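Encoded as structure tokens, the structure appears first; notes follow it.
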Amino acid sequence: MDYEKLLDKAVEELPESTQKSERFEIPKVRGHLQGNKTVVSNFAQIAQALHREPAHILKYILKELAAPGDLDAGRASIGRKLSASAINQKILLYARTFVMCGECRRPDTTIEKKGNITFMKCSACGASKPIHAKI
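Residue 106 in my numbering sits at position 103 of the sequence shown; the count goes up by one each step and never skips.
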């Protein structure tokens, strides 16, 4: 058999649907409104999935949303009424900026400080890039 026929045969034998599952999934925000505040009850779980400090993530989100807030017992309180989708969008932006490697797009990164410069180092491909740590 020639190469083209082998490729056609391989394509025919592929299953119709292959289940795609991502190794890195960020949990969706679960929370409620409490007066004029939005309380995110699973904030600690989100931080654990991102492998980052909850305070760092919250600081970024609060700056992006231009809202006051604080962290208490694994829950985040944001001083505005917000939809879960708005918070999820900011968490995804945080993950793209401070978690995902710029070279290989994997989440296997750590934040390291060398002198006055903060770097994001990827343990999968070895890439290192400076990041703006002061949020």
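Each residue gets a CB set at the ideal place from its N, CA and C atoms; glycine is no exception.
Computed from a predicted model, the values in this text were never measured in an experiment.
Of the residues the options, the one placed nearest residue i, counting alpha carbons only
i, options, result
"G105", "F122, I94, G118, Q48", "F122"
"K117", "V102, I49, H135, I64", "H135"
"C107", "F101, I60, N91, A127", "A127"
"G34", "S80, T113, N119", "S80"
"D73", "A47, S86, S88, A87", "A47"
"N39", "T113, C125, L17, G82", "G82"
"T113", "L61, M103, I120", "M103"
"F27", "D5, G129, A130, P110", "P110"
"N91", "Y6, T41, L17", "T41"
First and last residue of the uninterrupted alpha helix (DSSP H) at residue i
i, result
"I134", "That residue, I134, is in no alpha helix (DSSP H); its beta strand (DSSP E) goes 131 to 134."
"P35", "Note that residue 35 is His in the sequence shown here, rather than Pro. That residue, H35, is in no alpha helix (DSSP H); its beta strand (DSSP E) goes 34 to 37."
"K66", "57 to 68"
"K93", "87 to 101"
Nearest-angstrom beta carbon gap, residue j and residue i [assumed within contact, 8 Å]
i, j, result
"E67", "K93", "5 Å"
"P30", "I49", "5 Å"
"L65", "P71", "7 Å"
Sheet register partners of residue i (DSSP bridge)
i, result
"D73", "S80"
"C125", "T112"
"I120", "K117"
Residue i, enclosing beta strand (DSSP E) - first and last residue
i, result
"V14", "It is not in any beta strand (DSSP E) - V14 instead sits in the alpha helix (DSSP H) that spans 6 to 16."
"K40", "40 to 43"
Task: Three CB pairs or more closer than 8 Å across the region 93 to 104 and the region 42 to 55 - done: Yes: at least three Cβ pairs fall under 8 Å.
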